[in-house]
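*Asks:*
2 protein chains.
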Amino acid sequence: MELEFLGTSSGTPTRTRNVAGVALRLDGGGWLLVDCGEGTQHRILQTTLSLHALRAVFITHLHGDHCYGLPGLLASAGMANRTEPLTVVGPPPLDAYLQGVMATTALHLPYEIHCIGVGEAEAGAPLSGVNVSVTALSHRLPSYAYGFAEAAVERRLDTARLRADGVPPGPAWGRLQQGDTVTLPDGRILQGADYLQAPRKARKIVIAGDNDTPALLAQELAAADVLVHEATYTDAVLAKVGPGPQHSSARMVAQCAAEAKLPNLVLTHFSPRYQDDDSDGGPPGLTLAALRDEAQAHYGGNLLLASDLARYRLDRDGTLVPVAPVAADRAHQA
Amino acid sequence: MELEFLGTSSGTPTRTRNVAGVALRLDGGGWLLVDCGEGTQHRILQTTLSLHALRAVFITHLHGDHCYGLPGLLASAGMANRTEPLTVVGPPPLDAYLQGVMATTALHLPYEIHCIGVGEAEAGAPLSGVNVSVTALSHRLPSYAYGFAEAAVERRLDTARLRADGVPPGPAWGRLQQGDTVTLPDGRILQGADYLQAPRKARKIVIAGDNDTPALLAQELAAADVLVHEATYTDAVLAKVGPGPQHSSARMVAQCAAEAKLPNLVLTHFSPRYQDDDSDGGPPGLTLAALRDEAQAHYGGNLLLASDLARYRLDRDGTLVPVAPVAADRAHQA
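If you read the sequences in order, they're chains A and B.
Counting from 1, one number per residue, gives the positions in the first sequence under my numbering.
Counting from 1001, one number per residue, gives the positions in the second sequence under my numbering.
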């Protein structure tokens, strides 16, 4: 499982950060898109992600910086001759938004859109291999976090026990790994379940929409390896802005992650007032370092501040490590 | 008057070209935007154009690659605290498109949007200093060309005649330039109209939407200095694609411009199949040079193929010259 950030700015794009969008690459191939701000398809052109391999889109909430790129992305997938149906998940009125845009701009797609609600995404199985969980957040519009967990983990044979019990390597090992009952030539009957290691924990990544109450995620984070959450400001800026916009500070998210004993926290959705570093000449204190320092004061786990096109791999042991971005070298034609 | 191209690709963005958008900078300050494909606001961040100085938006037609950037641009202008009302011109259902997006995504702007039809833009005077003319084109959706002509040109005194008639420089010259009647100390009565040079031609730029019948512009081009028109393909590619998409080839536009004796022709809206040059490794013949060669075979005027962020100044004598792009050095915050 890999995360690839397509936009990390809040509200409006900047010259270095686009508005919200994050790709979740799945081990079995294909990828999911969470949020699709304007220009998400432009960022995708800078990656190796393909609109043909996109398995579903999840919209956390309907503010423009999280969904204004969706019609264009759908149109470009059509011009690239996508024929596979595409599931789009989000709170109402996502369907009315899409249908309205498509009708007024004569957008006719060569593939079906299955627009479903967040409850349906959780209850149903739109995605093989991935279990989706949904958590309602607190924002000016209905906003959600999506949890993506591996539906199954690989079975691993306890080969030490097999050898200790005098079962030689051979076809029986494969059948035991499948959980079958096996009768050996010496008459012994073995149960597969007795020779499987305890399964590793299924990996789980939670990607949250805009939210001013991170504690709403406490239960969802219990089994999570990674949380991707907005940290729009520092506490100091939040105090000036006031609670109206209903965003979180870096401190608020960090405290929640610490309480949940979360191993990996990725912050994103930074206010454009924050410069990447002091060399940009912005006001002192309004840099990403200020956000990082505030989060680190409350959270001792693996803390990452996302930048556009940053890519992180979640290994099977639950560690999250940066991956060097791969330059796209494909021709993009429509 | 200056043109600044914000997108020059057809249908979908490429890694070097965004979808449709062109800025028309006015001499008196401020600028107009013609078309607003997705990512137009991102291109604007790479220029010195300000959303506060944007005087009106003209949409040629409602295909997504010409209008999907409009909601995000309006939202960003709001987050930048624009308060000046903004006129948005285009064919129906532009208003329904915008109202639908705004309602379903809870977009509340701190300024008024005046959404008007193309007929109203031509008849009324939404823009001081600029006369707008409208020409219906031929495309899959109602599509228009907008002509922008100077409403007035500067009055220039015939100083040679004043000197010949023994009128010395002084306050009388200024009053004569205003067209006033002036009584000289020697009793002579002079009419301003007798001492003004023939006014220069008012400059006029025509920016066309998608169109498969350039000859529809013949009348509109009679007084124009510049036509900006799509040249989506060469004739050879058009023959393969067929007439269904209702686009023009470079040859079709060039012939129309030649017949109109148009001094300056700017081609844009190139199919993404065309590479900027052969070094991109695309199929032979599918480069911008093929489009240029085809147009040049039929048009002997000043021919330009637009690229993103290219900027051209239309001088008072009607010549169109490239201007070096100015890097934006402003901070963009919201």
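Just so you know, even glycine gets a beta-carbon here, dropped at the ideal spot from N, CA and C.
Could you check if residue 57/A belongs to the surroundings of the ligand SAM, using beta carbon to heavy atom distance under 7 Å?
*Replies:* Although the ligand SAM was asked about, the structure shown includes no ligands whatsoever.
*Asks:* For the alpha helix (DSSP H) containing residue 1139/B, list its first residue and its last residue.
*Replies:* Element bounds for residue 1139/B: n/a, residue is neither H nor E.
*Asks:* For chain B, is any of its Cβ atoms less than 8 Å away from the one on residue 178/A?
*Replies:* Cβ-Cβ to chain B under 8 Å: no for residue 178/A.
*Asks:* Have a look at residue 1269/B and residue 1035/B and give me their C-alpha separation to the nearest angstrom.
*Replies:* C-alpha separation (whole angstroms): 12 Å.
*Asks:* Should the stretch 1020-1031 of chain B be regarded as contacting the stretch 296-316 of chain A, the criterion being three or more beta carbon pairs within less than 8 Å?
*Replies:* The stretch 1020-1031 of chain B is not in contact with the stretch 296-316 of chain A.
*Asks:* At least one CB of chain B closer than 8 Å to the CB of residue 334/A: is that the case?
*Replies:* Summary for residue 334/A: the model assigns pLDDT 26, below 50, so the residue's position carries little reliability, and this model does not support an answer.
*Asks:* Residue range of the beta strand (DSSP E) that residue 1298/B falls in?
*Replies:* Segment: none, residue 1298/B is in no beta strand (DSSP E) and carries neither H nor E.
*Asks:* Within the 8 Å Cβ cut-off, does residue 1052/B reach chain A?
*Replies:* It does not: the Cβ of residue 1052/B has no partner Cβ on chain A nearer than 8 Å.
*Asks:* What does the Cβ neighbour count give for residue 1114/B, buried or exposed, with the cut at 16 atoms within 10 Å?
*Replies:* It is exposed - the Cβ of residue 1114/B has fewer than 16 other Cβ atoms within 10 Å.
*Asks:* Quick check: what's the CA-CA separation for residue 1291/B versus residue 1237/B?
*Replies:* So the two alpha carbons sit approximately 10 Å from each other.
*Asks:* Hey, does residue 1055/B have any beta-carbon neighbour from chain A nearer than 8 Å?
*Replies:* No - not a single Cβ of chain A is within 8 Å of the one on residue 1055/B.
*Asks:* Spatial neighbours of residue 323/A within its chain, please: C-beta separation below 6 Å, excluding the five flanking residues on both sides.
*Replies:* Answer for residue 323/A: 311 and 313, listed in chain order.
*Asks:* Please go through the stretch 78-135 of chain A and give each complete alpha helix (DSSP H) segment of 4 or more residues, from N-terminal end onward.
*Replies:* Taking only runs of at least 4 residues, the alpha helix (DSSP H) segments lying wholly in the stretch 78-135 of chain A are 94-104 and 118-123.
*Asks:* Looking at the unbroken beta strand (DSSP E) that takes in residue 1207/B, where does it start and where does it end?
*Replies:* Looking at the DSSP string, the run of the beta strand (DSSP E) that includes residue 1207/B is 1204-1208.
*Asks:* How would you write the range of the beta strand (DSSP E) that residue 1314/B sits in, first residue to last?
*Replies:* Residue 1314/B -> beta strand (DSSP E) spans 1311-1314.
*Asks:* Any idea what DSSP makes of residue 61/A, helix, strand or coil?
*Replies:* Three-state result, residue 61/A: coil.
*Asks:* Here's a check: name, in chain order, each residue in its chain whose Cβ is nearer than 7 Å to the Cβ of residue 162/A, leaving out the five neighbours to either side.
*Replies:* Closer than 7 Å at the Cβ level, and outside the excluded window around residue 162/A, lie 173 and 195.
*Asks:* Is the separation between the beta-carbon of residue 1266/B and that of residue 1228/B shorter than 8 Å?
*Replies:* Yes, these two residues count as a Cβ contact at 8 Å.
*Asks:* Does DSSP classify residue 1184/B as helix, strand or coil?
*Replies:* If DSSP states are grouped into helix, strand and coil, residue 1184/B belongs with coil.
*Asks:* Could you give the residue range of the beta strand (DSSP E) that holds residue 1150/B?
*Replies:* Where residue 1150/B is concerned, the enclosing beta strand (DSSP E) stretches over 1144-1150.
*Asks:* Which residues mark the beginning and the end of the alpha helix (DSSP H) in which residue 1042/B is found?
*Replies:* Unbroken alpha helix (DSSP H) run through residue 1042/B: 1040-1044.
*Asks:* Residue 137/A and residue 145/A: beta carbons closer than 8 Å?
*Replies:* Contact flag set, yes.
*Asks:* Cutting at 8 Å between CB atoms, please list the residues of its own chain near residue 119/A, excluding the five before and the five after it.
*Replies:* Excluding positions up to five away in sequence, the list reads 134.
*Asks:* Put residue 1051/B into one of helix, strand or coil per three-state DSSP.
*Replies:* Reduced to three states, the DSSP call for residue 1051/B is coil.
*Asks:* Give a yes or no on contact between the stretch 60-78 of chain A and the stretch 102-113 of chain A, applying the rule of three or more CB pairs nearer than 8 Å.
*Replies:* Yes: at least three Cβ pairs fall under 8 Å.
*Asks:* For residue 275/A, write down the residues that DSSP places opposite it in a beta bridge.
*Replies:* Paired residue(s): 287/A.
*Asks:* Check the Cβ of residue 67/A against every Cβ in chain B and list those closer than 7 Å, keeping chain order.
*Replies:* Within chain B, the residues near residue 67/A are 1105.
*Asks:* Compare the C-alpha of residue 225/A against each of 239/A, 212/A, 240/A and 207/A and name the closest.
*Replies:* Of the listed residues, the one whose Cα sits closest to residue 225/A is 207/A.
*Asks:* Need the endpoints of the alpha helix (DSSP H) that residue 237/A sits in, please.
*Replies:* Unbroken alpha helix (DSSP H) run through residue 237/A: 235-241.
*Asks:* Should residue 1052/B go down as buried or exposed, given a rule of 16 or more other Cβ atoms within 10 Å for buried?
*Replies:* Residue 1052/B is exposed by the Cβ-count criterion.
*Asks:* Just grab the DSSP bridge partners of residue 1173/B for me.
*Replies:* The partner list for residue 1173/B (beta bridge, DSSP) is empty, contrary to what the question assumes.
*Asks:* Less than 8 Å separating the beta-carbons of residue 1019/B and residue 1029/B?
*Replies:* Taking 8 Å as the Cβ cut-off, residue 1019/B and residue 1029/B do not qualify as a contacting pair.
*Asks:* Checking the sheet assignment: what are the DSSP bridge partners for residue 2/A?
*Replies:* 25/A and 313/A.
*Asks:* Give me the Cα-Cα distance between residue 254/A and residue 111/A, rounded to the nearest whole angstrom.
*Replies:* Roughly 42 Å separates the two Cα atoms.
*Asks:* Name the residue from 87/A, 213/A, 171/A and 108/A whose alpha carbon lies nearest to the alpha carbon of residue 142/A.
*Replies:* Nearest option by C-alpha distance: 213/A.
*Asks:* Thinking C-beta only, is residue 178/A closer than 8 Å to residue 192/A?
*Replies:* Yes; because the gap between Cβ atoms is below 8 Å, this pair is in contact.
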